[in-house]
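What follows is one structure encoded as C-alpha cells, with my remarks underneath.
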Amino acid sequence: MEYEPVIGMEVHVEISTKSKVFCGCANEFDAPPNTHVCPICLGMPGVLPMLNRAMVEASIAVGLALDCTISRWSKMDRKNYFYPDQSKNYQISQYDLPLCHDGHLDIEVGGETRRIRIRRAHMEEDTARNVHTLGSGESGVDFNRCGVPLLEIVTEPDLHSAEEAHAYLTALKQILEYLDVSDCNMEEGSLRAEPNISIRPKGSEELGTKSEVKNIASFSGVQKAIEFEIRRHKKILDEGGAVQQETRGWDADKGLTIGQRLKESAHDYRYFPEPDLVPIVVDQAWEDTIRETLPELPLPRRARIREAYALSEFDAGVITATKPMADFYEATLSAGAPPKQAANWLMGDFQALLSDSKTEIQENKISPEQLAEMIALIEDATISGKIAKDLLAEMFDTGKDPKALVEEKGLVQISDAGELEAMIREVMESHPGPVADFRSGKHKAKGFLVGQVMKLTKGKGNPQLVNKILDEELEKT
Amino acid sequence: MARITLEDVEYVAGLAQLTLDDQAKQRLLKEMGEILAYVDKLNELDTDGIEPMMHVLDISNVFREDVVTGSLDRDAALRNAPKTDGEYFLVPRILDTE
Amino acid sequence: MTMTLDLHSRTAHELRDALRSGETTAVEIAQSYLDRIADVDSRVMAYLDLWEEYALEEAGALDERLAKGEDPGPLAGIPIALKDNFCTTHGTTGCASRILRNFESPYEGTVVTRLKDAGAVLLGKLNMDEFAMGSSTENSSVQPTHNPWDIDRVPGGSSGGAAASVAADEAAIALGSDTGGSIRQPAAFCGCIGMKPTYGRVSRYGLVAFASSLDQIGPFTKDVEDLALIMNVICGRDPLDATSADLPVPDYSESLGREVSDITIGLPKEFYTDALNDEMRAKVDAAVAVLKEQGARVIEVSLPHTDYGIAVYYIIAPAEASANLARFDGVRYGFRHPDAKTVEDLYKLSKSEGFGREVQRRIMLGTYVLSSGYYDAYYLKAQKVRALIRQDFDRAFEQCDVIITPTTPTAAFKLNEKIDDPLQMYLNDVYTNSANLAGVPGVSIPCGLTDTGLPAGMQIIGKPFDEETIIRVAHAYERNRGFDPGKPPLE
Chain A
1 MEYEPVIGME VHVEISTKSK VFCGCANEFD APPNTHVCPI CLGMPGVLPM LNRAMVEASI
61 AVGLALDCTI SRWSKMDRKN YFYPDQSKNY QISQYDLPLC HDGHLDIEVG GETRRIRIRR
121 AHMEEDTARN VHTLGSGESG VDFNRCGVPL LEIVTEPDLH SAEEAHAYLT ALKQILEYLD
181 VSDCNMEEGS LRAEPNISIR PKGSEELGTK SEVKNIASFS GVQKAIEFEI RRHKKILDEG
241 GAVQQETRGW DADKGLTIGQ RLKESAHDYR YFPEPDLVPI VVDQAWEDTI RETLPELPLP
301 RRARIREAYA LSEFDAGVIT ATKPMADFYE ATLSAGAPPK QAANWLMGDF QALLSDSKTE
361 IQENKISPEQ LAEMIALIED ATISGKIAKD LLAEMFDTGK DPKALVEEKG LVQISDAGEL
421 EAMIREVMES HPGPVADFRS GKHKAKGFLV GQVMKLTKGK GNPQLVNKIL DEELEKT
Chain B
1001 MARITLEDVE YVAGLAQLTL DDQAKQRLLK EMGEILAYVD KLNELDTDGI EPMMHVLDIS
1061 NVFREDVVTG SLDRDAALRN APKTDGEYFL VPRILDTE
Chain C
2001 MTMTLDLHSR TAHELRDALR SGETTAVEIA QSYLDRIADV DSRVMAYLDL WEEYALEEAG
2061 ALDERLAKGE DPGPLAGIPI ALKDNFCTTH GTTGCASRIL RNFESPYEGT VVTRLKDAGA
2121 VLLGKLNMDE FAMGSSTENS SVQPTHNPWD IDRVPGGSSG GAAASVAADE AAIALGSDTG
2181 GSIRQPAAFC GCIGMKPTYG RVSRYGLVAF ASSLDQIGPF TKDVEDLALI MNVICGRDPL
2241 DATSADLPVP DYSESLGREV SDITIGLPKE FYTDALNDEM RAKVDAAVAV LKEQGARVIE
2301 VSLPHTDYGI AVYYIIAPAE ASANLARFDG VRYGFRHPDA KTVEDLYKLS KSEGFGREVQ
2361 RRIMLGTYVL SSGYYDAYYL KAQKVRALIR QDFDRAFEQC DVIITPTTPT AAFKLNEKID
2421 DPLQMYLNDV YTNSANLAGV PGVSIPCGLT DTGLPAGMQI IGKPFDEETI IRVAHAYERN
2481 RGFDPGKPPL E
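Residue numbers (the numbering used here), protein chains in the order written: chain A, 1 to 477; chain B, 1001 to 1098; chain C, 2001 to 2491.
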C-alpha cells in the first residue's frame, strides 16, 4: 500500500538572555559544573521564581515572526514529574494558555512554497544535565542549564516528508537567528528538534498512531530519524501489525530509533497554575512596541534584495542566508559598492576566508566600508582583480585599509604606457624566439610574452594596457 | 464523586513517589475517603460561569530585568547535598528511561 | 544577673524604651531571655535551635553601636525568634521535619534580613507542625510543644512554638506563617496576639512553602503596640517575590490610640452557630461590647460560603503542597535513605522515611486531586468556590470596616486528643481558613480566660491591605477591655 507520512515538529530553543529565566544566574554554556547555580535554580526550600522580562519579550518577538496570535492573557503552570534533571521536581511551563499560538511558517521545498501551521509557542525552563561518565558508576547532576529560558515551538502535523521537516527546521532556525534570540546550536543543545511521525494510507484523512523521536543532535539526524521511522511504521503496517504510541530515542551511530520504556503514569503531569508567578498580560501597545523592533525577516528580505539589486535568486538566497551576511552586504552597498561586484566578492573570496578561518562575518576584521573601498580600487583600475585577491587576504589578516595597504606594499597597477612599452621591448629583445614564432603565425606564443611582462612588472602591469602595447609592438616589424 | 479505591491509592503513591506498606495504604484509603467525602459538599454549589480564582491579588506582569546578579560558590551549592564528588550532585546511576 | 530578671516579661516597645534610656543593655535583655528559656523551655519545648552565643554576640555588637550614638534601627536589641520554616544563614532550617534535619540554608529570607537590618537580636528557631501542616504542633518530627497555660494541652499550630515562646516570655516577638490559621489559632490558644497580614503584604521569599497561594508570614506579639512596631519592619514589596504587592506601607504606629466611633463591625451570622462553644461565644460577645461602648457600630453580616471553606482549603492547600514538597528528594539537600540503589528508590525510600504521616497524607490528597481526570472535579471546583468566598468578603466589607469572629470554636485541646482524627483536626481551622482563601488580613487578640484558665481569642478580619484599621480596632479593645490577661502560670 502507498502511505503518506504525517509529521509534526516540537522544537525547544534556548533563548540567549543574559540571565536565567527565573533567577539572576548567568545564562552561559560550558561553565564548570554547578557554578552557575543559586538557591532559586537549585530549588532550595523557600525560594521563589521571578520571570525574566527579556524572555517574555524574545518569546513575543518569535511569536510575531511566526505570525502567531499573542495571548492577551497567559500564565505559567507547574508540570509535575520526578527526574534527577529537575531541581523542584516540577517544571515551570505553560499549559493551556501559551504566550503565542496559531501562527505559521512558509517553507520552500522543490520550488514550491508550503505553509506549516504553528500550533503554539510557550515559555518554560530548561532542565539540568545528567552525566553518566563519572567512573563511579553513579550519575552526576549539573544544574548550570537548569533554569535556562526555553521556548517550545510546536507545529500542527503539516509536514509530509523528511525533506520538508528539514526545510522547516532550516527556515525556523534562520528566523530565530535573524531575531538574534538564540545560538541555535544543535550540538550544544540550544536547539532541540523532536519530530513526531505517523503514516496513513494515501488519501486517508485519519491520522495514524504516532511515535515521537528524541535525542537528535543535527538537522541531518532529524531527516534520517524521520526516514527511519517512516520505514519502520510501513514495515509494521505491511506486516499487519499496529504502531505503538511511544517515545523513541535516536541512536546516531547505529542510525536507528530505540523505544524508551515509560510507565503510563509518567505522563500524568498534574498541571496547575503556578501560584508563585502572576499572569502575563500583553496589551496591544506592548505587542506593537515589540513588533517595531523586529528586523526584516529572511523571506521578504531575500525578495527585496533580489529585486532591488538585480541579483539572481541563488545569489539573493546566499546573501540573505544569515542576517549578519545580509547586513554586511547592504552596508557594503551603502558605502558605494556596485551590487553585483559586492555580491561576487562576498560570496566568493570573502566567504572562503571566513570559512577557512571559521570566523563569523560579524567578528571579522574587514568592515563593509573597506570592502567597498577595495572594490572601488578595482573599478578605477588602481589595482587588478588578481592583486585584489591578495589584498583582501591581507585586509582580512590585518584589518588595515585597502588604500593604505596598496601604498605600503606598492601594489598600484602600472598604467604608464611609456614605462610598460620600455619593459615590453626589453622582454621582446631577450626572447627573440617567441617573437619570431608569433610573427610567423604561431599566435599562442603571445601568452608566454605576456607572462614574461607581468613577471617583470611583478604582476602590477595593467593587463589591458600590456596586451594593447604588446600587440602594437608585435605588429611592428 | 466515585469512591477512592485501593488502586487509586497505589497509583497516587506512585505519582508522589511514596512507598506505602499495606497498613498505610488501608489507613490512607480510609482517611482520604473520609476527607474526599467531606469535600464533596462543594458539589452542592452551582459554580457554572464562576471564574476560578488563581490569585487573590489582582496583579500581573511582575518581572525581573535581565541582569546577572551572580551565583553561589560551588561549595555552598553542594554543601547540603547527601552525596557529591565536589563538582556534581551524585545520584544512583540513571537508567535509560525517562 | 538579678537586675535582668524582669526584662523578659516586658513588651518589645518597653524594652526599646529601656534600651534607649540607658536603663539596660541589649546584652542584658538577651541574657534575660536566654535565662528565661533555660528556666521554662524544658516544659514548653518551643525551641528547636537556640542561638545562645550568636544572640549575645549580636547584642554586644548592638550595644557598641548604641554607645557610639548610632541608631541600629526600630527593633534594636529586641529578642525575636523564628518558626523553623524561615530560611536563615545562621543555624539550621528544618521545618521540624526529618527530611530537612540539619539543613543549613545558603541564603537568608527577605523578612529575616529586614529583622536583622532593623537591629533585632535573633534567638533561634521554633517548633512547628512538620512543614506547617497541622493545628497542634504535634506533627513536629522533633518534639511536641506544650501550652504554657496548661502543660497538658497543645499550643495550637502550626506555629505552636512561636505562639508558646511569646506567651511564655521566651521571645519578645516571634514570627510564624499562616496558611489556614497557623498564626491566629495558636495565638488564641496561647493568649498572645497573632496576625496574618494580607496575602502579598509580607514577602514570602525564604519561607519554606506549604501552600503558595495561601501562605503568609506574620508576627506574634505581647501587645498591639508591638504588633505595629514589627509590622512596620516586615511589610512591603520585595523584588524577589512576584506575589508581594507594590503598595505603600503606612506607619502602623499611627493607628494606635485612635477612636473607633466611626468604625462599623460586622458579625458574620454563619460563624455564630451551635458549633461554637458557649464560653468562647460569651468572651467574644463581651469583647464586641467593649468596642460598642467605645462608639463602634455593630451589625450582622453574612459570609454565605463559610461552610465550604474547609473543603476548599483541603483541596487547594494539599494540591499546592504536593508540588512544593516534591523537591525534598534527597539529591541536593536533606535526608537520603542509605539503602537507595536506584533513583526511584532514592525518591521513594527517602520521602517515605523523611516525611511524617500528616505530610504524606496531604501529599497523597493533593496528588490525587490534581491527577488525570480529577482536576476539574476537585481543584477547579475549589478555585471557583474560592472566588465565591472572596466575593462574600468583598460584599460584607461594603457594609462594615472589620469583621469580628471567635478565632477558634473551643479553647486549647489536650495533647493526643485529636491526633488520630485528621478531619476533626482540620475542622479546627473553621474560623480562620477563609481569611487565607480570600487573602484578607486577620488578627487574633486575647479576650479573656475560660473558667478553666485557658485563653480565648477574638479574630478581627479587615479589608485587603487595611491592616491599619485592624490594628486601630485591636488597640482600642486592648486599651479598654478593663482586665489584664495576665501571664501563664509557669512559675
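Virtual Cβ for every residue (Gly too), placed ideally from N, Cα, C.
Is the beta carbon of residue j closer than 9 angstroms to that of residue i?
| i | j | result |
| --- | --- | --- |
| L2227 of chain C | V2027 of chain C | no |
| A2162 of chain C | A2171 of chain C | yes |
| Y271 of chain A | Y2375 of chain C | yes |
| T2469 of chain C | I2263 of chain C | yes |
| C2087 of chain C | P275 of chain A | no |
| D183 of chain A | S190 of chain A | yes |
| A2476 of chain C | L2291 of chain C | yes |
| L1018 of chain B | K2351 of chain C | yes |
For residue i, which of the options has the nearest alpha-carbon?
| i | options | result |
| --- | --- | --- |
| A445 of chain A | A:V435, A:A393, A:R291 | A:V435 |
| N144 of chain A | A:R200, A:A242, A:D30, A:E313 | A:D30 |
| L159 of chain A | A:V11, A:S87, A:K210, A:V6 | A:V6 |
| P2485 of chain C | C:I2080, C:A2167, C:Q2031 | C:A2167 |
| V2249 of chain C | C:G2200, C:F2220, C:D2394, C:S2140 | C:G2200 |
| Q245 of chain A | A:Q86, A:H233, A:I387 | A:H233 |
| E155 of chain A | A:S87, A:D67, A:D251, A:G137 | Per the sequence shown, the amino acid found at residue 155 of chain A is Thr instead of Glu. The residue with the shortest Cα to Cα distance from T155 of chain A is A:D67. |
| A2209 of chain C | C:F2328, C:G2236, C:D2152 | C:F2328 |
| L2449 of chain C | C:Y2477, C:V2430, C:P2488 | C:P2488 |
| K476 of chain A | A:I424, A:A381, A:A225 | A:I424 |
| N52 of chain A | A:H101, A:G63, A:E177, A:V21 | A:V21 |
| G2091 of chain C | C:P2455, C:E2053, C:L2062 | C:E2053 |
| K2125 of chain C | C:N2085, C:T2113, C:S2135 | C:N2085 |
Heavy atom of the ligand NAD less than 8 angstroms from the Cβ of residue i, yes or no?
| i | result |
| --- | --- |
| L465 of chain A | Here there are no bound small molecules, and the ligand NAD is not part of this structure. |
In this structure, does DSSP put residue i in helix, strand or coil?
| i | result |
| --- | --- |
| E206 of chain A | coil |
| W250 of chain A | strand |
| K2463 of chain C | coil |
| K18 of chain A | coil |
| P2489 of chain C | coil |
| I2513 of chain C | Any answer about residue 2513 of chain C is impossible in this case: the structure gives chain C only from 2001 up to 2491. |
| Y90 of chain A | strand |
| G447 of chain A | helix |
| M55 of chain A | helix |
| H132 of chain A | coil |
| A303 of chain A | helix |
| R2395 of chain C | helix |
| Y271 of chain A | coil |
| Q2216 of chain C | strand |
| Y81 of chain A | coil |
Practice prompt. Taking a Cβ distance cut-off of 8 angstroms, strictly less, list which residues of the stretch 2328-2341 of chain C are near chain B, in chain order.
Written response: D2329, G2330, V2331, R2332, Y2333, G2334, F2335, R2336, A2340, K2341
Worksheet entry | the stretch 2419-2441 of chain C: positions lying closer than 7 angstroms to chain B by Cβ | P2422, L2423, A2438, G2439
Discussion item. Tell me which residues of the stretch 2229-2243 of chain C have at least one Cβ-Cβ distance to chain A shorter than 8 angstroms, keeping chain order.
Written reply: P2239, L2240, D2241, A2242, T2243
Practice prompt. Residues of the stretch 269-284 of chain A with a CB closer than 9 angstroms to any CB of chain C: list them in chain order, please.
Written response: Y269, R270, Y271, F272, P273, E274, P275, D276, L277, V278
Item to complete: Report yes or no: do three or more beta-carbon pairs, one from the stretch 2282-2302 of chain C and one from the stretch 2415-2423 of chain C, lie closer than 8 angstroms?
Response: no
Practice prompt. With 7 angstroms as the limit, tell me which residues of the stretch 142-175 of chain A have their beta carbon closer than that to any beta carbon of chain B; keep them in chain order.
Written response: D142
Discussion item. Can you pull out the residues from the stretch 1070-1088 of chain B whose beta carbon lies closer than 8 angstroms to at least one beta carbon of chain C?
Written reply: L1072, A1076, A1077, R1079, N1080, A1081, P1082, K1083
Discussion item. So if I threshold CB-CB distances at 8 angstroms, which residues from the stretch 86-104 of chain A count as touching chain C?
Written reply: S87, K88, N89, Y90
Worksheet item: Taking Cβ-Cβ distances below 7 angstroms as the criterion, which residues of the stretch 2457-2474 of chain C are in contact with chain B?
Response: none
Practice prompt. Tell me, please, whether the stretch 275-291 of chain A touches the stretch 109-116 of chain A by the rule of three or more beta-carbon pairs shorter than 8 angstroms.
Written response: no
Worksheet item: Do the stretch 1047-1059 of chain B and the stretch 43-59 of chain A meet, that is, are 3 or more Cβ pairs less than 8 angstroms apart?
Response: no
Fill in: Cβ-based contacts, 8 angstroms cut-off: residues of the stretch 2092-2119 of chain C near chain A
T2093, C2095, L2100, F2103, S2105, P2106, Y2107, G2109
Worksheet entry | Short-range partners of chain B found in the stretch 186-215 of chain A, where Cβ spacing is below 7 angstroms | none
Worksheet item: Looking at chain B, which residues of the stretch 122-137 of chain A have a Cβ within less than 9 angstroms of any of its Cβ atoms?
Response: A128, N130, V131, H132, L134, S136, G137
Practice prompt. Below 8 angstroms between beta carbons is the criterion; list the residues of the stretch 41-75 of chain A that meet it against any residue of chain C, in chain order.
Written response: L42, G43, M44, P45, G46, V47, L48, P49, M50, L51
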